[in-house]
Structure formats: structure tokens, C-alpha cells
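The structure under discussion appears below in the form of C-alpha cells.
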Ligand SMILES: Cc1cc2nc3c(=O)[nH]c(=O)nc-3n(C[C@H](O)[C@H](O)[C@H](O)COP(=O)(O)OP(=O)(O)OC[C@H]3O[C@@H](n4cnc5c(N)ncnc54)[C@H](O)[C@@H]3O)c2cc1C
Ligand code: FES
């Protein structure tokens, strides 16, 4: 397993509970969907590293965007520019996105790995549109970047924004035959609602469930997929949405 102790070269707060950490990490060569495990602190408390997606990787500059939800992410949010952090990985299978007209559907912090997918599409000249939904208009992040990269974008918020609703309500209204494939990342409830729409194109989900070891050993991340257990950390995190059994 590769581990690197790296200095934070930039820290930015995007909202009151979402921040970004940037590192100089030459030679990483990640693929969309891959993630790193961040050691929250030196020592053994908290014991488990926290999985965070690669949100951007350009000219050896790695960006990870983190939402504070609990103790580990709160402790990470206290790190500042110049502090050192240990990163393990990259983890996740090597998934090569198809060069097909794509629709990206992001919910909340799920925008982070889709931002890196958008970078990948720009680099490989793949056309794509993006739908990005959040709770309130203050929760949008990386918006300017995404607008520059996508052909068309639809932003939607449950409250306080001119387009009110969710990504699911938007997907219901658009003509999906304009696309050959879709990719989505967001809260589990959003993935379940999208699955129920039974979209007429293949939809790949970036699964961000609980992880333990992050490297295939503990089975803590097992998910029922097409009738058998798969480990999100090594068989995913990108899996075809229709094959996931969210009930098990
Ligand atoms: C492959 C992968 C990629 C991820 N990428 C990102 C990312 O780019 N940015 C980001 O902010 N987060 C990402 N996450 C989620 C992130 O790992 C968790 O939010 C984090 O580990 C929580 O740690 P904590 O100690 O702060 O929270 P804990 O104290 O462990 O939990 C606090 C609360 O958050 C909930 N929670 C914990 N982990 C998750 C999870 N994985 N999904 C949903 N709810 C959770 C718990 O139910 C609890 O209510 C990713 C997860 C995976 C598996
Ligand atoms: S997190 Fe341990 S097997 Fe996936």
C-alpha cells in the first residue's frame, strides 16, 4: 500500500461546513472514482482512516473536498496550510469511463468525485451535461469550474434558489435519450430515488458508504450487487446503479 506524508499547500472553506485541502502529489495518476484514505491524526485515535475522493488532480496538484459530518472530518477541518497529513492509496478499482455523451448527476458533497470525472472528460474530449442539487443556495461548491467544463448545467436547490427541487425532480423532466450514459454520486436516498426511475440508459453510481480498512480485507464495506456481495473499496466505488440492492 502506498502512503505519503504530504504538506497541505492550500486550505479553503467553500461553505460553513465544506472545506478543500490541496497537496502537491507528483506521480499519483488517479482515475475517476478512486479515493484516498486520510489519516485523521497521528497515533491510533481515531483508529480508522477516512476515505475521501479525488476531486481534482492537475499538474500534480491534488484537491480533496471534505464535508464536516462527524469527529474525523471535524479534526481534519482543524488542519491548516503547512500541516502534514498522511494519505494512503489510491484505492478503488481502475474504472475507465466510456467516451460517450454523458449526464452527471451530483447531490451535495457527491459533487467532489464528479468534479474529477468532469476534468477527465474535458481531457478526453467527452461531451457531458451536469445536474447538481443541494439543500440551499449556499451549499453549491466548485460551481464556476463545473460551468466551464460541462456543455450544459442545471443547478437546483431544495430551498432559497430560483430553481427549486431535487436532482430527481429534474431528471424526471429531461429527455434522457439525449445521453448514452449517466454517472451519479450523492446521498443514499438520492441513489435509491434515481434507481426507482429506471432510466433508459446505463447509470453508474459512485458509492460512498461506510468503509473500514479501505483495502479489501475487513469486508466492512460489503454491498449486495447483482446477487453477490461486493466490496465497495476494491470492486467499487463505481457500480452500475441498477445492480445495487440497497435493502440488504
Ligand atoms: C469511497 C468514498 C469516497 C468518499 N469521498 C468523500 C469526499 O470526497 N468528501 C467527503 O466529504 N466525504 C467523502 N466520503 C464520506 C466520508 O468518508 C465520511 O463522511 C467520513 O468518513 C465521516 O467521518 P467522520 O469521522 O467525520 O464521521 P463519523 O463520526 O464516522 O460519522 C458522523 C456521521 O456521518 C455519517 N457518515 C459517516 N461516514 C459516512 C459515509 N461514508 N456516508 C454517509 N454518511 C456517513 C454517520 O452516519 C454519522 O451520522 C467518502 C466515502 C467513501 C466511502
Ligand atoms: S473497507 Fe475493508 S473490505 Fe472494504
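In the working numbering, the protein residues as written are 134 to 381. A virtual CB, placed ideally from N, CA and C, is assigned to each residue, including glycine.
Identify every residue that forms a DSSP beta bridge with residue i.
i: residue 167; result: Its beta-bridge partners do not exist; DSSP assigns none.
i: residue 372; result: 338
i: residue 189; result: 196
i: residue 153; result: 145 and 198
i: residue 285; result: 262
i: residue 255; result: Answer is none; residue 255 lacks a bridge partner.
i: residue 219; result: 138
i: residue 292; result: 269
Just to check, is the beta-carbon of residue i closer than 7 angstroms to a non-hydrogen atom of ligand 1?
i: residue 290; result: no
i: residue 273; result: no
i: residue 245; result: yes
i: residue 200; result: yes
i: residue 371; result: no
i: residue 242; result: yes
i: residue 341; result: yes
i: residue 186; result: yes
i: residue 134; result: no
i: residue 183; result: yes
Compute the minimum distance between the beta carbon of residue i and the heavy atoms of ligand 2, and state whether it is under 7 angstroms.
i: residue 366; result: yes
i: residue 209; result: no
i: residue 169; result: no
i: residue 344; result: yes
i: residue 350; result: yes
i: residue 298; result: no
i: residue 354; result: yes
i: residue 394; result: It is not possible to answer for residue 394, since the shown part of the chain is limited to 134 through 381.
i: residue 347; result: yes
Let me make sure I understand the geometry here. Which of the options has the alpha-carbon closest to that of residue i?
i: residue 248; options: 153, 346, 345 and 351; result: 153
i: residue 280; options: 325, 269 and 237; result: 237
i: residue 266; options: 345, 352, 302 and 164; result: 302
i: residue 371; options: 317, 344 and 352; result: 317
i: residue 342; options: 161, 353 and 333; result: 353
i: residue 197; options: 170, 368 and 313; result: 170
i: residue 187; options: 136, 252, 205 and 211; result: 252
i: residue 379; options: 355, 268 and 260; result: 355
i: residue 369; options: 178, 275, 209 and 225; result: 225
i: residue 269; options: 232, 228 and 294; result: 294
i: residue 300; options: 183, 347 and 239; result: 239
i: residue 141; options: 322, 190 and 213; result: 213
i: residue 329; options: 312, 375, 151 and 291; result: 375
i: residue 150; options: 207, 361 and 348; result: 207
i: residue 395; options: 243, 276 and 195; result: This structure leaves residue 395 out entirely; the chain is present only between 134 and 381.
Does the beta-carbon of residue i have 16 or more other beta-carbons within 10 angstroms, so that it is buried, or is it exposed?
i: residue 134; result: exposed
i: residue 304; result: buried
i: residue 121; result: Residue 121 cannot be examined here, being either before or after the span of the chain that is shown, 134 to 381.
i: residue 166; result: buried
i: residue 155; result: buried
i: residue 217; result: exposed
i: residue 288; result: buried
i: residue 230; result: buried
i: residue 381; result: exposed
i: residue 273; result: buried
i: residue 235; result: buried
i: residue 191; result: exposed
i: residue 264; result: buried
i: residue 336; result: buried
i: residue 350; result: exposed
i: residue 202; result: exposed
i: residue 183; result: buried
i: residue 200; result: buried
i: residue 222; result: buried
i: residue 193; result: exposed
CB of residue i to nearest heavy atom of ligand 4: below 7 angstroms?
i: residue 197; result: Ligand 4 is absent from the structure shown, which contains only ligand 1 and ligand 2.
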